[in-house]
Structures are given as C-alpha cells and as structure tokens.
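Residues 21 to 412 (my numbering) make up the sequence shown, in order.
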Amino acid sequence: MNLQYTTEQNLLRESAGKFLAARYDYPCYQRICAAEPGWSAQIWAEFAQLGWLGLPFSEDQGGSGGGAVEIAILMEAFGRSLVLEPYIATVLLGGGLVAALGSREQRDSLLGALIEGRMHLAFAHRDGAAAVKAERRGSNYVISGTKKAVIAAPSADPLLVSAALGEGAIGVVVLPKSARGLALRPYPMVHGARAADVELDDITVPASAMLGANEDAAASIERVIDGAIAALSADAVGAMAAMVAATVEYTRTRVQFGQPIAKFQALQHRMVDMKVREEEARASCLFATLSLDGPAAQRSRAVSGAKAKIGRCARSVHQAAIQLHGAIGTTNELSLGAYAKRLLAYETLFGTTREHLRRYAAIISDPDVSATGLLHDPAAAAVPGKEEWTST
Numbered sequence: 021m022n023l024q025y026t027t028e029q030n031l032l033r034e035s036a037g038k039f040l041a042a043r044y045d046y047p048c049y050q051r052i053c054a055a056e057p058g059w060s061a062q063i064w065a066e067f068a069q070l071g072w073l074g075l076p077f078s079e080d081q082g083g084s085g086g087g088a089v090e091i092a093i094l095m096e097a098f099g100r101s102l103v104l105e106p107y108i109a110t111v112l113l114g115g116g117l118v119a120a121l122g123s124r125e126q127r128d129s130l131l132g133a134l135i136e137g138r139m140h141l142a143f144a145h146r147d148g149a150a151a152v153k154a155e156r157r158g159s160n161y162v163i164s165g166t167k168k169a170v171i172a173a174p175s176a177d178p179l180l181v182s183a184a185l186g187e188g189a190i191g192v193v194v195l196p197k198s199a200r201g202l203a204l205r206p207y208p209m210v211h212g213a214r215a216a217d218v219e220l221d222d223i224t225v226p227a228s229a230m231l232g233a234n235e236d237a238a239a240s241i242e243r244v245i246d247g248a249i250a251a252l253s254a255d256a257v258g259a260m261a262a263m264v265a266a267t268v269e270y271t272r273t274r275v276q277f278g279q280p281i282a283k284f285q286a287l288q289h290r291m292v293d294m295k296v297r298e299e300e301a302r303a304s305c306l307f308a309t310l311s312l313d314g315p316a317a318q319r320s321r322a323v324s325g326a327k328a329k330i331g332r333c334a335r336s337v338h339q340a341a342i343q344l345h346g347a348i349g350t351t352n353e354l355s356l357g358a359y360a361k362r363l364l365a366y367e368t369l370f371g372t373t374r375e376h377l378r379r380y381a382a383i384i385s386d387p388d389v390s391a392t393g394l395l396h397d398p399a400a401a402a403v404p405g406k407e408e409w410t411s412t
C-alpha cells in the first residue's frame, strides 16, 4: 500500500497552507468569530474560486473529483488555521447527501449553486430520523418534529432534514427557510461555529422535495456521516499539530530559573507525549480515511475507532498544552484556547467518544467483520461463516 501523497495532493497541501497562512491568521479568526453570521462570505467566495467547494464532487456534477484523502488534506489545514466556514456542514454533509440521493434535477439545481458558493446547506439529523415524521398525504408530505443542534443552520437555506417515513424507512426532505411552520433558535457553539434548534410544525411540501423519494436513505446517510467524521478527525489532527508546535515554541522562549523551560527534562517528556498523541491521532485518521470506500461495516468500524481514539488523544494534547503554558494559555491573547475549544467540540460532534466506543464494540462483535481486515476486499477471499468462526 502506497501511503505517500501524490504530486497533486502535495500541491493541494502546500497551496491550502499558504492561502490560509496569509488570509486566516488568529486575528482574522477572532474577527469572524465575534461577528455574525460566524463565517466570512468573502473567504467562502475565495474557497469557491480555489475549487475547494467542488473538491468532493465528480466532474459530471461540476466538481473536481477529489477523494477522501484530498478532503483530509484540506481539513487538516482548516484545523491548523481555525477555519470557521461551514465546509463540513454545507459541502460534505449537505452536498454529499444531494450527490448520493438527489435526482438529476435536484443535483443540478443544488450542487451547482453550492459549488459556486451561492448556497449553503445544513443537515438536520443529530436526534435521528425518528425525531421528525414525514406523513404522506396525497402528492405531498407533512413534516413535523424537532431537530437539535443543527450545525450551520442559521445561515443555511435550504435545510436537509432526515425524517421517518413509516415502516422503518428514512427520507431526507429539502426545506426552504421560508417554509411556513419552520422556526429556528440559533446559538453559538463552544468553538465559535453557529448552530440552531429547528422546529417543524406541520410543514407541507411536495413529494419532489424528498431526496431519493423511492429509496430508503439510511445507508446513504450513514456513509455521508462517516465521511464527515473522518474529515472532522483530520481537522482535529490539524488543531493538535498547531497546539504541539505552539507549545514547543512557547517553552523555548519562556525563561524560568535563568533558562528556557524547554530545557527541563520533565517538560521535554510531556511534549514528547503530546507529539506521540498527535501522531497516533494522525494514523487513526488516515486509517479511517482510507476505509471510506470499503464495505459499510468495516468503514464504520474504522471511523468509530478513529473518533474514539482521536477524542482521547485530543483531550490529552490540549490539557497538556494549557498546563505547559500556564494561565496565559486560557486567555484570548493566545490562540491556544481557541484550539482547545475546537478539540472539545470534536469530542461531542457526531457522537461522543463513549458513543463511538460502543459503536465500535458492536461492530467488532460481528464475526464477519472481525474476520476481515479494515481495508480487505471480502470478494478476494472466503470469509468463514459464523459457525466456523466460532469454532475456531
């Protein structure tokens, strides 16, 4: 397996790093975070010009055909620079669902505007599809229920809302903000991004508003969310790398007892531990990223394993970084606190560390999943049946 970046991937990493270093420093982050809507329309337009908004979509859909590795490269750069723009919510979740489930007309109308930077999407699913019901009435659906903590909902239009269709089926409905009966309660999240609780009170929409109207959307939703978790994990790795670098630099300049504290062996050991946690997180993230095109159970196993592992690594890194900085590490004067908040948010977004440990345990208890490697093609070799696996 070749784990080296290609020439094109290295160019993406270098160009993203240079652009964000020049355009998205810490004072820029502070200005964007303090003002509404919590992201910069100008920078979003520049993302569109750079082709980043079309990165995960095929050329037939107007994108550049990038894969999971390209997304991870970009997201790690976003994490290093504390980017607040709703890339995951709009491009990976919203756009990913439209690409996976939408009709040709829906893809043309929604993805084109998204890739050009003219439309923001948000996916309301945190409470599961059962939190919202979609009742069929003639040629329409009537939507009712509540979705909590919908990331990027305040600035998104339309919203994509998962809903229970009955008999265990799940659908995703496209709801314009202007829909009668739709109400939002917006608020900031701990790391500066915006979210909202969404109330849906008997909203009537045509059947054409449903993505994938003739199929159960559950598998596509799970696949898109797994991809978003892998991308968010790359973002967390970038934030951890920035914290490790900032801590090493600070200890080289902070003088105590007549010498830089970086010379104290006990602190050197702490920083080595931080670097080890960073590299463990990067390896877990890469494993999850490379598994995204694999079978569903193995993909989910890798993603949940990475989410749980990186959540623990992230907490270890940001706690050590703040301790080595002392009280100044908790002030707005330094970017350290912003990185810590970003990593705290990572621990809860798309499921907590504990929830993903439970998901991981449930998946590995399936003998068929345990019998094959995470990146193994099950068609290439016979997999023992449950009876045979148990007997061995």
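Note that the Cβ used here is the ideal one computed from N, Cα and C, for glycine as well.
Under the three-state DSSP convention, the category residue i falls into
i    : result
E105 : coil
A282 : helix
Y161 : strand
Q69  : helix
Q413 : Any question about residue 413 goes unanswered here, given that the chain covers just 21 to 412.
L180 : strand
T273 : helix
A36  : helix
E155 : strand
A169 : strand
G58  : coil
L369 : coil
Y44  : coil
D255 : helix
D80  : helix
Closest residue to residue i among the options (Cα-Cα distance)
i    : options                : result
E219 : Q50, K167, I342        : K167
G232 : V210, I190, D222       : I190
G148 : F370, R214, I383, R379 : F370
A360 : S164, V264, R302, E375 : V264
M294 : K283, K327, A254, H338 : H338
A216 : S182, P226, A176       : A176
S228 : M260, V192, P206       : V192
M95  : C48, M209, T309        : T309
F39  : I63, R51, E56, Q29     : I63
L180 : G201, A109, R374, E66  : A109
A150 : A237, E125, A184, C333 : A184
Cutoff 7 Å; reference residue i; Cβ partners in own chain excluding five residues on either side
i    : result
S35  : none
K153 : S164, G165, A183, A184
CA-to-CA distance, residue j to residue i, given in whole angstroms
i    : j    : result
S320 : G247 : 10 Å
Q24  : L306 : 11 Å
A203 : P174 : 10 Å
L70  : P178 : 24 Å
A88  : L75  : 10 Å
N160 : R138 : 28 Å
I342 : D128 : 47 Å
A391 : I348 : Below a pLDDT of 50, predicted positions are generally treated as unreliable, and A391, at 49, falls in that range; the measurement from the model is reported next regardless. A391 and I348: Cα-Cα distance of roughly 50 Å.
S182 : H140 : 17 Å
Residues of its chain near residue i, where Cβ-Cβ distance is below 6 Å and the 5 sequence neighbours each way are ignored
i    : result
E155 : V162
R146 : K168, A169
A254 : A92, M95, E96, C305
L102 : Y49, A358
Beta-carbon proximity list for residue i, same chain, < 8 Å, skipping 5 on both sides
i    : result
A316 : A239, E242, R243
L287 : T271, I281, L344
V257 : E96, G99, E298, A301, R302, C305, I330
I223 : V162, I163, S164, L195, A199, R200, G201, L202
> Along the chain, which unbroken stretches of the beta strand (DSSP E) at least 3 residues long are found entirely within the region 183 to 253?
Replying inline: Taken in chain order, the complete beta strand (DSSP E) segments of 3 residues or longer contained in the region 183 to 253 are 189 to 195, 202 to 208, 214 to 226.
> Can you give, in chain order, each stretch of the alpha helix (DSSP H) that sits fully within the region 91 to 147 and has at least 4 residues?
Replying inline: Runs of the alpha helix (DSSP H) spanning 4 or more residues and lying entirely within the region 91 to 147 occur at 116 to 121, 124 to 135, in chain order.
> Can you give, in chain order, each stretch of the alpha helix (DSSP H) that sits fully within the region 279 to 362 and has at least 4 residues?
Replying inline: The region 279 to 362 contains these whole alpha helix (DSSP H) runs: 285 to 311, 316 to 345.
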